[in-house]
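Q: Quick one: the structure is below, and I'll ask about it shortly.
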Amino acid sequence: MLRFLSRSSKSRPTKDFTSRFQNPIKTLSQKSTNSRFSAANGSDFGLPTSKDPVFPSGLLPKRVFWGNPIGNSNGSTRGFSTGREVLNYDVVIVGAGPAGLAAAIRLKQICRERNSDVSVCVVEKGAEVGAHIISGNVFEPRALDELIPQWREEGAPVEIPVSADKFWFLTKNRSISLPSPFDNRGNYVISLSQLVRWMGTKAEELGVEIYPGFSASEILFDAASDKVVGIATNDMGVAKDGSQKESFQRGVELKGHVTLLAEGCRGSLSEKIIRHHKLREKGHGQHQTYALGLKEVWEIEESKHQPGFVLHTLGWPLDSKTYGGSFMYHMKDKQVSIGLVVALNYHNPFLNPFEEFQKLKHHPAIRPFLEGGTVLQYGARTLNEGGFQSIPNPVFPGGAIIGCSAGFLNVPKIKGTHTAMKSGMLAAEAAFSALHEGSDMEMYWDSLKKSWIWEELYKARNYRPAFEHGLLPGLAISACERYFFRGRSPYTLKHGKPDHEATDAASLHKPIQYPKPDGVLSFDVPTSLYRSNTNHDHDQPVHLHLKDPTVPERVNLPIFAGPESRYCPARVYEYVPDEEGASKLQINAQNCLHCKACDIKDPKQNIEWTTPEGGGGPGYSLISRAPPLFSTEKPISQRERERGRENRWRKSARNRYFCYSSSSSPVVPLSFRPRTGSSPTSSCRTTRSSVSKSESRKTLTLTRHNLDRLPPGGDRLSLTRLQIPSRCSSRSSTTWGDLRDSLPPGPSLPGSSSPVMAECRLSQSFGSRGTP
């Protein structure tokens with residue numbers, strides 16, 4: 001049995017980044033010198049000292065250790081195993097989504113109620129909290145009311161109540177209004193990404209330690225008992241060929257008495273645990289079914305905008321044998337979220353969900369809303385549709401599965417945020433009991449069965465399997481379920497074939513001819529992909545593994561016409577001719593949106609999605625700007641710093657730009673938007689209006705990874721001074737290509753590679769500020 005080192009029973013104080021040398025990287029408790037990012041051998045990373053140009057004089061002590069100073073182990077909760085740093089917690093949570101953050105908040109609330117202490121760590125693979133949460137959501141605040149009753153007074157981004165709720169059946173040229181099966185009274189149209197970020201700040205105020213930009217890639221087991229004792233993050237700085245780059249960093253082992261998996265739909269670790277412990281068989285026994293949701297956020301004309309308007313549709317552009325539908329939600333600031341959900345048990349291998357979505361926007365009933373508007377963002381993600389029949393037993397030795405990883409989505413409501421949050425709260429209560437009362441996590445499974453989640457999903461259990469035989473039979477059965485049985489039918493329908501087995505041979509279908517995008521309402525994949533802010537370091541191992549490399553050319557292409565080239569919404573998979581003219585599968589892993597469709601739909605289950613380096617993937621938000629380099633809306637007051645609210649801009653040790661003032665005044669980063677025709681001049685500034693332009697010279701740290709996220713346009717980067725690797729000389733200006741080639745690849749920890757330091761002046765190339 002794993003022995004955990006002792007830790008103080010006192011809660012950890014709030015971190016203040018101005019008192020920590022103006023370094024916006026999260027550190028451990030100020031009472032301890034532990035570091036979250038210590039080198040594997042326990043030594044320091046060789047961070048810049050006060051003599052280095054990146055830090056103003058006097059801001060740093062003579063020596064900074066990222067970890068315990070050598071010979072000092074007082075209060076340490078670190079250990080080392082297999083060359084990796086080991087960090088010990090009471091509870092480790094994987095995923096900073098609604099379920100994971102609700103669990104973390106509830107744990108800390110119970111600690112305050114019972115005058116106890118539980119150390120909680122949340123690890124998130126996105127570059128920042130909310131980066132992998134697609135915006136646009138009709139939110140039922142039931143769970144939030146229970147978790148944070150005062151959320152309205154505390155400024156939660158839940159502002160636009162549903163004002164109208166429509167349900168249409170679409171044919172190719174018409175829309176037929178039907179009675180709405182949704183009851184959205186009291187619900188809100190929100191950006192889920194924004195809500196998750198707000199929850200992240202609340203969790204940190206309570207003492208939760210959140211680490212964005214770190215991918216949980218491995219489950220840690222106790223060899224003696226087969227109990228889960230935590231997770232490990234993947235190694236950083238590994239080249240595509242598997243060799244170690246100069247920036248190589250070993251992953252970190254995060255060990256806990258309780259591990260909660262909140263990875264979202266088709267979580268890679270959750271699926272391994274479900275198979276390892278046969279949790280599906282211990283639950284309701286049926287396989288999970290999935291759908292792929294594609295979404296865009298538009299800014300439309302003010303005359304067409306109806307805040308709180310909610311629209312759902314069935315029918316066109318999908319055929320009658322394919323389950324799915326579209327949605328349109330009018331949010332604030334003239335923004336509209338529109339999308340298409342396609343069940344992944346479709347039969348026709350020529351069906352392309354992305355192209356079906358583009359067709360949708362040209363429908364006569366949909367097009368008027370979007371004409372004259374501008375696309376702000378694009379994204380895609382799979383969602384669970386199995387419902388009650390597919391819920392596994394979510395408890396395993398040493399932890400539990402929460403949220404959409406367990407499949408708590410209510411299909412007829414098309415809502416899962418409230419159930420995910422509630423499951424996290426129930427798991428938190430069970431975890432606290434397990435830690436302090438010696439019970440096990442089975443209390444979570446029992447609590448689920450007694451909660452409103454269970455009742456809600458039970459009543460909705462027959463809606464999704466009703467459509468196994470087509471659209472019209474599904475509508476008839478669903479109507480009976482709602483208006484006659486009211487969810488209390490004496491039978492429970494079963495799901496059909498698993499999604500990957502539902503794909504027919506290409507010989508049974510005709511190819512589908514899709515219209516070319518017009519560039520106004522419909523777009524191609526590369527254009528849409530840019531709007532997702534997706535980015536990965538190209539020089540890393542491919543995270544999409546083929547169990548048998550011969551299957552694509554031997555099975556998928558001749559029998560199913562290469563369906564992976566169509567069901568992927570980011571064109572990750574392409575068949576290209578090789579030197580001999582034969583088609584060969586090419587994997588463009590850098591395009592991956594982390595939707596997990598390939599892991600689900602591949603006919604032979606030959607593709608395995610694994611976590612890439614942390615900080616990669618999409619960067620979802622609601623802003624109409626390029627990926628934000630620096631992001632806060634206003635100066636941070638001293639009181640806010642003391643309360644930890646500087647964390648409204650997410651601080652990750654990797655994939656981040658750091659901006660330091662040349663004086664002792666604090667620096668608040670700003671997001672930017674290059675004006676049309678301007679050069680992408682780097683700059684940063686303080687938020688104090690009393691600082692003149694001549695005094696506002698800053699130092700900016702760049703890596704090649706971050707430079708790739710800059711928007712296109714302009715070919716020169718004007719700099720006051722560049723300090724770059726020795727193979728390049730300093731220069732006052734440089735082309736994008738020259739600069740990029742001279743940069744370390746990133747993302748990396750400070751000190752792990754030679755960063756480019758550019759001392760910049762204020763520039764008029766930056767427009768209005770924005771919030772993440």
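Taking UniProt numbering, the leading residue of the sequence shown gets 1, the next gets one more, and so forth.
Note that beta-carbon positions come from the ideal geometry of N, C-alpha and C, so glycine has one too.
This one's a predicted model, so the numbers in the text were calculated from it and none came from an experiment.
Taking only the alpha-carbon atoms, compute the straight-line gap between Ala466 and Gly126 and give it to the nearest angstrom.
A: On the sequence shown, residue 466 is found 466 positions in, with the first residue counted as 1. On the sequence shown, residue 126 is found 126 positions in, with the first residue counted as 1. Distance between the alpha carbons of Ala466 and Gly126: 36 Å.
Q: Taking only the alpha-carbon atoms, compute the straight-line gap between Ala262 and Pro397 and give it to the nearest angstrom.
A: For the purposes of this step, residue 262 is taken as residue 262 along the sequence shown, with counting starting at 1. For the purposes of this step, residue 397 is taken as residue 397 along the sequence shown, with counting starting at 1. Approximately 16 Å between the Cα atoms of the pair.
Q: Tell me the residue span of the alpha helix (DSSP H) that contains residue 812.
A: Given a span of 1 to 772 for the chain in the structure shown, any question on residue 812 remains unanswerable.
Q: Count the C-beta pairs between the region 513-533 and the region 541-561 that are closer than 8 Å, then say yes if the count reaches three, no if not.
A: No, the region 513-533 does not touch the region 541-561.
Q: Does the Cβ of Ile176 have 16 or more other Cβ atoms within 10 Å, making it buried, or fewer, making it exposed?
A: Mapped onto the sequence shown, residue 176 falls at position 176. Exposed, by the Cβ-count rule.
Q: Go through the region 112-169 residue by residue and report every complete run of the alpha helix (DSSP H) that reaches 4 residues or more, in order.
A: For the region 112-169, whole alpha helix (DSSP H) runs of length 4 or above, ordered along the chain, are 142-147.
Q: Since Trp198 is in the alpha helix (DSSP H), which residue starts that stretch and which ends it?
A: For this step, residue 198 is matched to residue 198 along the sequence shown. That run of the alpha helix (DSSP H) goes 192-205.
Q: If you draw a straight line from the C-alpha of Ile600 to the C-alpha of Pro569, how long is it?
A: Locating residue 600 in the sequence shown gives position 600, where the first residue counts as 1. Locating residue 569 in the sequence shown gives position 569, where the first residue counts as 1. Going by the C-alpha atoms only, they are around 14 Å apart.
Q: Would you kindly work out how many angstroms separate the C-alpha atoms of Gln590 and Met236, rounded to a whole number?
A: Walking along the sequence shown from the start, residue 590 turns up at place 590. Walking along the sequence shown from the start, residue 236 turns up at place 236. Looking at the two C-alpha atoms, the distance is approximately 16 Å.
Q: Does the beta carbon of Pro317 come closer than 9 Å to any beta carbon on chain B?
A: Although the question refers to chain B, the structure presented lacks it and comprises just one protein chain.
Q: My output table needs one value for Phe545: the three-state DSSP class, helix, strand or coil.
A: Here residue 545 refers to the residue found at position 545 when the sequence shown is read from its first residue. Note that residue 545 is His in the sequence shown here, rather than Phe. DSSP places His545 in strand when its eight states are reduced to three.
Q: Could you give the distance in angstroms between the alpha-carbon of Gly387 and the alpha-carbon of Gly581?
A: Counting from 1 along the sequence shown, the entry for residue 387 is found at position 387. Counting from 1 along the sequence shown, the entry for residue 581 is found at position 581. Going by the C-alpha atoms only, they are around 46 Å apart.
Q: Given that a residue counts as buried once 16 or more other Cβ atoms are within 10 Å of its Cβ, and exposed if not, what is Arg685?
A: One-based indexing of the sequence shown puts residue 685 at position 685. In this prediction, Arg685 scores a pLDDT of 29, lower than 50, which makes its location untrustworthy; the coordinate-derived value is nonetheless stated afterwards. Buried is the call here.
Q: According to DSSP, Gly399 sits in a beta bridge with which residue or residues?
A: As a working note, residue 399 is residue 399 in the sequence shown. According to DSSP, Gly399 bridges with Thr259, Phe396.
Q: Excluding the 5 residues preceding and the 5 following Arg566 in the sequence, name in chain order all residues of the same chain whose CB lies nearer than 6 Å to its CB.
A: Taking the first residue of the sequence shown as position 1, residue 566 is located at position 566. Cβ neighbours of Arg566 beyond the five flanking positions: Asn352.
Q: Between the region 368-380 and the region 527-537, do three or more beta carbon pairs fall short of 8 Å?
A: Enough Cβ pairs lie closer than 8 Å, so yes.
Q: Considering only DSSP beta bridges, list what Gly212 is partnered with.
A: The residue you call residue 212 lines up with position 212 of the sequence shown. It should be pointed out that residue 212 corresponds to Pro in this sequence rather than to Gly. Pro212 pairs with Glu124.
Q: Would Met441 and Ala406 qualify as a contact pair, given that the criterion is a beta-carbon distance under 9 Å?
A: Counting from one through the sequence shown, the residue named residue 441 turns up at place 441. Counting from one through the sequence shown, the residue named residue 406 turns up at place 406. No, these two residues do not count as a Cβ contact at 9 Å.
Q: Assess contact between the region 199-217 and the region 600-609, defined as three or more Cβ pairs (one per stretch) separated by less than 8 Å. Is contact present?
A: Taking 8 Å as the limit for Cβ pairs, the verdict is that the region 600-609 does not touch the region 199-217.
Q: Based on Cα-Cα distance, which residue from Ser621, Trp609, Gly619 lies nearest to Ala216?
A: For the purposes of this step, residue 216 is identified with residue 216 of the sequence shown, where counting begins at 1. If we check each option's Cα against that of Ala216, Trp609 comes out closest.
Q: DSSP three-state call for residue 776: helix, strand or coil?
A: The displayed coordinates of the chain run from 1 to 772. Any statement about residue 776 would go beyond what the structure contains.
Q: In whole angstroms, give me the CA-to-CA distance for Gly242 and Phe221.
A: Here residue 242 is taken as the residue at index 242 of the sequence shown, counted from 1. Here residue 221 is taken as the residue at index 221 of the sequence shown, counted from 1. C-alpha separation (whole angstroms): 25 Å.
Q: Going by beta-carbon coordinates alone, are Ala428 and Ala143 separated by less than 9 Å?
A: Working through the sequence shown from its first residue, we reach residue 428 at position 428. Working through the sequence shown from its first residue, we reach residue 143 at position 143. No.
Q: According to DSSP, is Pro353 part of a helix, a strand, or is it coil?
A: Taking the sequence shown and counting its residues from 1, one reaches residue 353 at position 353. In the structure shown, Pro353 sits in a helix (DSSP, three-state: H, G or I).
Q: Taking the alpha-carbon of Tyr346 as reference, which of Arg114, Lys422, Asp499 has the nearest alpha-carbon?
A: As a position in the sequence shown, residue 346 is number 346, starting the count at 1. For Tyr346, the nearest C-alpha among the options comes from Asp499.
Q: In the DSSP assignment, the beta strand (DSSP E) including Tyr491 goes from what residue to what residue?
A: As a first step, residue 491 must be located in the sequence shown, where it is residue number 491. That residue, Tyr491, is in no beta strand (DSSP E); it is neither H nor E in DSSP.
Q: Within the same chain, show all residues whose beta-carbon is closer than 7 Å to that of Ser489, passing over the 5 residues directly before and after it, in chain order.
A: Counting from 1 along the sequence shown, the entry for residue 489 is found at position 489. Contacts found: Asn462, Glu481.
Q: Beta-carbon within less than 6 Å of Phe214's beta-carbon, same chain only, minus the 5 sequence neighbours each way: which residues are those?
A: The count along the sequence shown starts at 1 and reaches residue 214 at position 214. Cβ neighbours of Phe214 beyond the five flanking positions: Val123, Thr233, Gly614.
Q: Over what stretch of residues does the beta strand (DSSP E) that includes Val91 continue unbroken?
A: Residue 91 sits at position 91 when you count from the first residue of the sequence shown. Taken as a continuous stretch (DSSP letters only), the beta strand (DSSP E) holding Val91 covers 84-94.
Q: Quick check: Leu195 and Asn137, are their CB atoms within less than 9 Å of each other?
A: For the purposes of this step, residue 195 is identified with residue 195 of the sequence shown, where counting begins at 1. For the purposes of this step, residue 137 is identified with residue 137 of the sequence shown, where counting begins at 1. The answer is yes: Cβ separation under 9 Å.
Q: Give me the Cα-Cα distance between Ile587 and Gly264, rounded to the nearest whole angstrom.
A: For this step, residue 587 is matched to residue 587 along the sequence shown. For this step, residue 264 is matched to residue 264 along the sequence shown. For Ile587 and Gly264, the distance between alpha carbons rounds to 24 Å.
Q: Are the beta-carbon atoms belonging to Gly487 and Lys459 less than 9 Å from one another?
A: Translated into positions along the sequence shown, residue 487 becomes position 487. Translated into positions along the sequence shown, residue 459 becomes position 459. Yes, Cβ-Cβ distance for Gly487 and Lys459 is below 9 Å.
Q: For Asp537, does the count of other Cβ atoms within 10 angstroms reach 16, so buried, or fall short, so exposed?
A: The residue you call residue 537 lines up with position 537 of the sequence shown. Burial call: buried.
Q: Under the three-state reduction of DSSP, which class applies to Ala232: helix, strand or coil?
A: The sequence position of residue 232 within the sequence shown is 232, counting from 1. Strand, per DSSP.
Q: Just to confirm before moving on: does the CB-CB distance between Val92 and Lys108 stay below 9 Å?
A: Working through the sequence shown from its first residue, we reach residue 92 at position 92. Working through the sequence shown from its first residue, we reach residue 108 at position 108. Against a cut-off of 9 Å, the Cβ pair of Lys108 and Val92 comes out as no contact.
Q: Could you give the DSSP three-state label for Asn384: helix, strand or coil?
A: Locating residue 384 in the sequence shown gives position 384, counting from the first residue. Residue state, collapsed to three classes: strand.
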